[in-house]
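Visitor: Have a look at this one.
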Amino acid sequence: MDLMLNDLFHLTEAEIENSRIELNMTAGAGAERFVDRWLALDDTAKDSGLTDCSYWPWYGEKRNFQVGQMVFSFIQIGYDEWLFISAATITGMLPGQRAAVAILERYKGYFGRLVISYKKGQTYARYVFRLDRLLPNIKVKEILSCRYSGEQFEGYDRVNLPYSRLKDIFSGKIMPTYHEALKKITGVYCLTDTNNGMLYIGSATGTEGVWQRWGNYLASKHGGNVKLRKLYEREGDIYFEKYFTFTLLEYFGLSYDPDRIKDREQYWKKCLNTIEHGYNDN
Numbered sequence: 015m016d017l018m019l020n021d022l023f024h025l026t027e028a029e030i031e032n033s034r035i036e037l038n039m040t041a042g043a044g045a046e047r048f049v050d051r052w053l054a055l056d057d058t059a060k061d062s063g064l065t066d067c068s069y070w071p072w073y074g075e076k077r078n079f080q081v082g083q084m085v086f087s088f089i090q091i092g093y094d095e096w097l098f099i100s101a102a103t104i105t106g107m108l109p110g111q112r113a114a115v116a117i118l119e120r121y122k123g124y125f126g127r128l129v130i131s132y133k134k135g136q137t138y139a140r141y142v143f144r145l146d147r148l149l150p151n152i153k154v155k156e157i158l159s160c161r162y163s164g165e166q167f168e169g170y171d172r173v174n175l176p177y178s179r180l181k182d183i184f185s186g187k188i189m190p191t192y193h194e195a196l197k198k199i200t201g202v203y204c205l206t207d208t209n210n211g212m213l214y215i216g217s218a219t220g221t222e223g224v225w226q227r228w229g230n231y232l233a234s235k236h237g238g239n240v241k242l243r244k245l246y247e248r249e250g251d252i253y254f255e256k257y258f259t260f261t262l263l264e265y266f267g268l269s270y271d272p273d274r275i276k277d278r279e280q281y282w283k284k285c286l287n288t289i290e291h292g293y294n295d296n
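Per our numbering, the very first residue in the sequence shown carries number 15; after that it's consecutive.
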């Protein structure tokens, strides 16, 4: 059963009647996309809901809002996908300026995290609508575990992450889709020391797959490997955080034979000569 927007917002009939919704796409024909404008903001601005992406009060000479109305502001992130970035009550309007607003605090926890699905159709020139006309057809697509970053998991054949980004993924700051993706696979991976070009080839065969193994590196830096441990003792945390990247070379299901994964690990060690010229010791 679909979760509809008002299942989440719990608006009364009177509030719905007194509300408008913004589905903002671009700042004019051929102009900057609102999602790009929003992504360029710092976290404080995004959390505040007070940005240059919302609450333009005029459509030509016609008013988009009236003082006292509630407005729910979304920006387009996909063809029929919209990100919730603000909600406010209109408190004032002046020509040539964005409306003065009072942010609706009860919805701030969803700013940058709530994604809805709605087919806007051919109303490309219009961005502001009566909420009561759209609300019955607006579905909740997802509530992100962290603020939308514009990035998504692009596939197992495109996993190449510097240490800092992997750390942010594990802490839930960016790209929540990576969490489930990396927990679903085992595989063979490569750690690259970008300071000297040396490589380490390893494999992940645990019950939580690549996610679990790479988490070990974040916790210890060296993952228990002999040469990496020596590097850690010599250079410390900062070296790994600055220079190491994580790349997935091959991936398999969680039930795949661990011995065959180990065979593939040895194959890559031989191909890349990482025992003689890298960080592998066997």
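Note that CB positions come from ideal geometry on N, CA and C, so glycine has one too.
Please work out which residues of its chain come closer than 8 angstroms, Cβ to Cβ, to residue 79, disregarding the five sequence neighbours upstream and downstream, and give them in chain order.
Guide: Contacts found: 34, 69, 71, 85, 104, 107, 113, 142.
Visitor: Let me know the secondary structure DSSP gives residue 106 once reduced to three states.
Guide: Reduced to three states, the DSSP call for residue 106 is strand.
Visitor: So residue 90 is in the beta strand (DSSP E); what residue range does that whole segment cover?
Guide: Unbroken beta strand (DSSP E) run through residue 90: 84-92.
Visitor: Report yes or no: do three or more beta-carbon pairs, one from the region 139-158 and one from the region 17-30, lie closer than 8 angstroms?
Guide: At 8 angstroms Cβ cutoff, the stretches touch.
Visitor: Please report how far the alpha carbon of residue 39 lies from the alpha carbon of residue 55, in whole angstroms.
Guide: When rounded, the distance between both Cα atoms is 17 angstroms.
Visitor: What residue from 212, 95, 228 has the CA that sits closest to residue 218's CA?
Guide: With distances taken between Cα atoms, residue 218 lies closest to 228.
Visitor: I need the DSSP call for residue 270, collapsed to helix, strand or coil.
Guide: Residue state, collapsed to three classes: coil.
Visitor: Please name the residue, chosen from 193, 74, 48, that lies closest to residue 159 on a Cα-to-Cα basis.
Guide: Among 193, 74, 48, the Cα nearest to that of residue 159 is on 193.
Visitor: Can you tell me where the beta strand (DSSP E) with residue 205 in it begins and where it stops?
Guide: Start and end: 199-207.
Visitor: When the Cα atoms are used, what is the spatial distance from residue 196 to residue 167?
Guide: Rounded to whole angstroms, residue 196 to residue 167 spans 10 angstroms at the Cα level.
Visitor: Mapping the DSSP letters down to three states, classify residue 78 as helix, strand or coil.
Guide: Residue 78 falls in the coil class under three-state DSSP.
Visitor: Ordered along the chain, which non-local residues of its own chain (more than five positions away) have a Cβ less than 8 angstroms from that of residue 226?
Guide: Counting only Cβ-Cβ distances below 8 angstroms, and skipping sequence neighbours, we find 197, 218, 220.
Visitor: Using only CA atoms, which one of 271, 171, 289, 60 lies nearest to residue 242?
Guide: For residue 242, the nearest C-alpha among the options comes from 289.
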